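Student:
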Amino acid sequence: MMKKACPDCDLLVTITPLKHNERALCPRCDAVLARGGRSMDSIFALILSGLLLWVSSLALPILTLDVNGVQQPLSLWQTAFAMLDQEAWLLAILVAMTSFVAPFFHLAMMLWLFLPLRFERKPPFVGWAFRLLYANQGWMMLEVFFLSLLVTAVKLADSAQLLPGWSLLAFVALMLVMSAIQLLFDPDVYWRAVEQCR
Ligand SMILES: [Zn+2]
């Protein structure tokens, strides 16, 4: 049994332990207060798919550069390096941070937090991992990512065309997976799972 204040209406509710797939709703405003253990498994599966999508989105071409009629497909990290060559430092850093450093960092931290739980072990430096995860959150906003993508497209528009290739598809899927992780991730459920293992 534990008590929790509703995040939406502040009502203090006593929550009994939940089974898999069960949810506790606020009796006053129907906000979801807690989820049963199932979401932990789903999050772990999503972290692994996220990492696979991250690799795909980097390896596959996202842009086609047209130089004097010669078409050269570029992957995202090659695009960032191409911008460094044009001395577009800020843009290169922005694109690098939002589209591949931040998602990878986020997924790596989540893996750090969730993998030991699979073996009923408490993750090392769990408090620090949590703080790093929240510090990284600002870079994880969808808007920041799409803005950087848009700016990149406009910036390179004169010499390159945006190829709606597999990389772009992998990116959209990655962003959906990241949002799903954030929706499912409930720190309360997580900490209770940590307290159960030694
Ligand atoms: Zn409520």
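Here our numbering is used: the first residue of the sequence shown is 4, the next is one more, and so on.
In this text, a Cβ means the ideal position worked out from N, Cα and C, and glycines have one as well.
Everything numeric in this text was worked out from a predicted model, so none of it was measured.
Regarding L14 and ligand 1, is the C-beta to nearest heavy atom distance less than 7 angstroms?
Tutor: The residue given as residue 14 occupies position 11 in the sequence shown. The answer is yes for L14.
Student: Output the distance between the C-alpha atoms of F47 and L118, rounded to the nearest integer angstrom.
Tutor: One-based indexing of the sequence shown puts residue 47 at position 44. One-based indexing of the sequence shown puts residue 118 at position 115. Going by the C-alpha atoms only, they are around 8 angstroms apart.
Student: Is D189 closer than 8 angstroms to S52 when the C-beta atoms are compared?
Tutor: Within the sequence shown, residue 52 is the residue found at index 49, counting from 1. Within the sequence shown, residue 189 is the residue found at index 186, counting from 1. Contact: no.
Student: If I measure Cβ to Cβ from N139 and keep anything under 8 angstroms in the same chain, skipping five residues before and after, which residues do I get?
Tutor: Indexing the sequence shown from 1 puts residue 139 at position 136. The residues are A105, F108, H109, M112.
Student: Which complete beta strand (DSSP E) runs does the stretch 16 to 46 hold, if anything under 3 residues is left out?
Tutor: As far as the stretch 16 to 46 is concerned, its whole beta strand (DSSP E) runs of at least 3 residues are 26 to 28, 35 to 38.
Student: Taking the alpha carbon of V130 as the point to measure from, which residue in M143, I50, R121, L116 has its own alpha carbon closest?
Tutor: Locating residue 130 in the sequence shown gives position 127, counting from the first residue. The sequence as given places Gly at residue 130; Val does not occur at that position. Out of M143, I50, R121, L116, L116 has the C-alpha closest to the C-alpha of G130.
Student: Distance, Cα to Cα, M86 vs L177?
Tutor: Indexing the sequence shown from 1 puts residue 86 at position 83. Indexing the sequence shown from 1 puts residue 177 at position 174. Straight-line Cα distance between these residues: approximately 23 angstroms.
Student: Does the distance between the C-beta of R38 and the nearest non-hydrogen atom of ligand 1 fall short of 7 angstroms?
Tutor: As a position in the sequence shown, residue 38 is number 35, starting the count at 1. No.
Student: Output the boundary residues of the beta strand (DSSP E) element that contains L77.
Tutor: On the sequence shown, residue 77 is found 74 positions in, with the first residue counted as 1. That run of the beta strand (DSSP E) goes 73 to 78.
Student: State yes or no: is the C-beta of P10 within less than 8 angstroms of the C-beta of A27?
Tutor: Here the question's residue 10 lines up with position 7 in the sequence shown. Here the question's residue 27 lines up with position 24 in the sequence shown. Not closer than 8 angstroms, so no.
Student: Just to check my reading of the structure: A173 and L63 have Cβ atoms closer than 8 angstroms, yes? What is that Cβ distance to the nearest angstrom?
Tutor: Taking the first residue of the sequence shown as position 1, residue 173 is located at position 170. Taking the first residue of the sequence shown as position 1, residue 63 is located at position 60. About 6 angstroms; that satisfies the 8 angstroms criterion.
Student: For my contact list, G142 and T101 are in at a C-beta cut-off of 8 angstroms; report their separation, rounded to the angstrom.
Tutor: Along the sequence shown, read from residue 1 onward, the residue named residue 142 stands at position 139. Along the sequence shown, read from residue 1 onward, the residue named residue 101 stands at position 98. The residue asked about is misnamed: residue 142 is Trp in this sequence, not Gly. Confirmed, about 6 angstroms.
Student: Whole angstroms is fine: what's the gap from A95's alpha carbon to F84's?
Tutor: Here the question's residue 95 lines up with position 92 in the sequence shown. Here the question's residue 84 lines up with position 81 in the sequence shown. Taking the straight line from one Cα to the other gives about 7 angstroms.
Student: Measuring only the C-alpha atoms, how far is V192 from A91?
Tutor: Position 189 of the sequence shown, counting from 1, holds the residue named residue 192. Position 88 of the sequence shown, counting from 1, holds the residue named residue 91. Answer to the nearest angstrom: the Cα atoms are 44 angstroms apart.
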